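What follows is a short report on a single structure.
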Amino acid sequence: MGKYAIGVDLGGTKILAGVIDLKTGSVIGYSKKRTKKDRGSEIIVKKIIETIEKALFETDIKLADIDSIGIGAAGQVDRENGILIAAPNLDCYDVNLKQILEKEFNLPVYVGNDVEVATIGEMKFGSGQGFDNFVCVFVGTGIGSGIVLNGNIYNGATGTAGEIGHIIVETGGRHCGCGGAGCLEAYASRTAIEKRIKAYIKKGHKTIITKFLEEEATIRSKHLNKAVKEKDEVVQSCIDEAAGYLSSGLASVVNFYNPELIILGGGLIEAIDYFYDVATRKTVLKSLPTPAKGIKFAKARLGDFSGIIGAAMLKKYREK
Ligand SMILES: [Zn+2]
Numbered sequence: 035m036g037k038y039a040i041g042v043d044l045g046g047t048k049i050l051a052g053v054i055d056l057k058t059g060s061v062i063g064y065s066k067k068r069t070k071k072d073r074g075s076e077i078i079v080k081k082i083i084e085t086i087e088k089a090l091f092e093t094d095i096k097l098a099d100i101d102s103i104g105i106g107a108a109g110q111v112d113r114e115n116g117i118l119i120a121a122p123n124l125d126c127y128d129v130n131l132k133q134i135l136e137k138e139f140n141l142p143v144y145v146g147n148d149v150e151v152a153t154i155g156e157m158k159f160g161s162g163q164g165f166d167n168f169v170c171v172f173v174g175t176g177i178g179s180g181i182v183l184n185g186n187i188y189n190g191a192t193g194t195a196g197e198i199g200h201i202i203v204e205t206g207g208r209h210c211g212c213g214g215a216g217c218l219e220a221y222a223s224r225t226a227i228e229k230r231i232k233a234y235i236k237k238g239h240k241t242i243i244t245k246f247l248e249e250e251a252t253i254r255s256k257h258l259n260k261a262v263k264e265k266d267e268v269v270q271s272c273i274d275e276a277a278g279y280l281s282s283g284l285a286s287v288v289n290f291y292n293p294e295l296i297i298l299g300g301g302l303i304e305a306i307d308y309f310y311d312v313a314t315r316k317t318v319l320k321s322l323p324t325p326a327k328g329i330k331f332a333k334a335r336l337g338d339f340s341g342i343i344g345a346a347m348l349k350k351y352r353e354k
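Residue numbers (our numbering): 35 to 354.
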């Protein structure tokens, strides 16, 4: 086992690659590339290779000192064969990342899903250290989660466990991107909150978000936080509603799984303390007394680097 590994976070809008110290989890150097208009496997693979090379260049570490490469991709993956099955945001399908990158760098390559590697990162070097049974929930444009069971990631029978965003919180409710209706993601994601606020604005309600929307088409989490701090009624009620639904989803997890800890991460959680506070408080109130007793909550600690740190750990993790 070498001292360093490369971790790659292949997201829907950016590629982040970093050289990680396997002992401490620290990021020695990293590189980031946007994938704004890039679509298709050929260009994405080319960009992944460039980002890895750039990350290495940012350090004094040579390729010979690198142990392995790990990739966490926002999409469906075949862990065993290292294939990116589908990343619709990047228009990439059936890309054998393992084969291509092993040939390019002559190093073992491991492929996982983005939420899975972020959870591994939190387990090894973040808020999950010292816990064997917990759930990591990431709330951003969508809602996903990683399940840690007896110190291992639980992937489920066909590899998709943790789709907490599609827990149904309102039978026959709002349409969801998955084709279903009433899913948590349609109520508590940043996208859902944004839709609600825009609907209020359309109806003539006053909010400071209108001002931000003159500059940007999407509503940023930090702007939502500013609005909450300024007691903006529209935003406050939308955040309250979303936190209520999130707590319903989390209470279901508490009752069903009885975890020691729930780690919350993602853009909305990082930016809005109020959202985190309301959601966690209500989760305890809605859960059964016994599993709620002693349940701990923590914010994800590794932030934007959780993906690259966890991805770099993939070899070590899979071989244990
Ligand atoms: Zn859904």
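The C-beta atom is built at its ideal place from N, Cα and C for all residues, glycine as well.
Since the structure is predicted, the reported quantities are computational estimates derived from the model, not experimental observations.
For L56 and Y38, the gap between their C-alpha atoms comes out near 5 angstroms. Contact annotation: G278 and K316 have beta-carbon atoms nearer than 8 angstroms. Spanning the alpha carbons of L322 and N289 requires a straight line of approximately 6 angstroms. For S282, the CB contacts under 6 angstroms within the same chain, skipping 5 residues up- and downstream, are V203 in chain order. If only uninterrupted alpha helix (DSSP H) runs of at least 4 residues are considered, those enclosed by the region 306–347 are 307–320, 323–326 and 340–346.
The beta-carbon separation of I119 and D125, rounded to 13 angstroms, does not stay under the 8 angstroms limit for a contact. Checking the 7 angstroms criterion, the Cβ of H200 is within range of a heavy atom belonging to ligand 1. Within the region 62–130, the alpha helix (DSSP H) runs of at least 4 residues that lie entirely inside it are, in chain order, 75–91. In the DSSP annotation of this structure, S223 is not part of any alpha helix (DSSP H), being labelled neither H nor E. K70 is classed as exposed because its beta carbon has fewer than 16 other beta carbons within 10 Å across all chains shown.
The C-alpha of A326 lies about 37 angstroms from the C-alpha of I242. L319 has its alpha-carbon roughly 53 angstroms from the corresponding atom of K137.
In this structure, E294 sits away from F159, with a CB-CB distance that is not shorter than 8 angstroms. Secondary structure of F172 (DSSP, three-state): strand. Scanning the region 154–201 for uninterrupted beta strand (DSSP E) segments of 3 residues or longer gives 168–173 and 177–183, listed from N- to C-terminal end.
Taken in chain order, the whole beta strand (DSSP E) runs of length 3 or more contained in the region 269–293 number zero. Counting only residues of its own chain and dropping the five nearest sequence neighbours on each side, I117 has a CB closer than 8 angstroms to the CB of V111, D128, V129, N130, L131, K132 and V145.
Nearest neighbour of I82 by Cα position, chosen from G162, V169 and T47, turns out to be T47.
With contacts defined by Cβ atoms closer than 8 angstroms, G216 and G207 form a contacting pair.
Straight-line spacing of the CA atoms in H239 and K67 works out to 39 angstroms. At least one heavy atom of ligand 1 falls within 7 angstroms of the beta-carbon of E219. At the C-beta level, S161 and I297 come within 8 angstroms of one another. For G214, the shortest C-beta to heavy atom distance toward ligand 1 is below 7 angstroms. Taken atom to atom, the span from the alpha-carbon of Y188 to that of E353 is near 15 angstroms.
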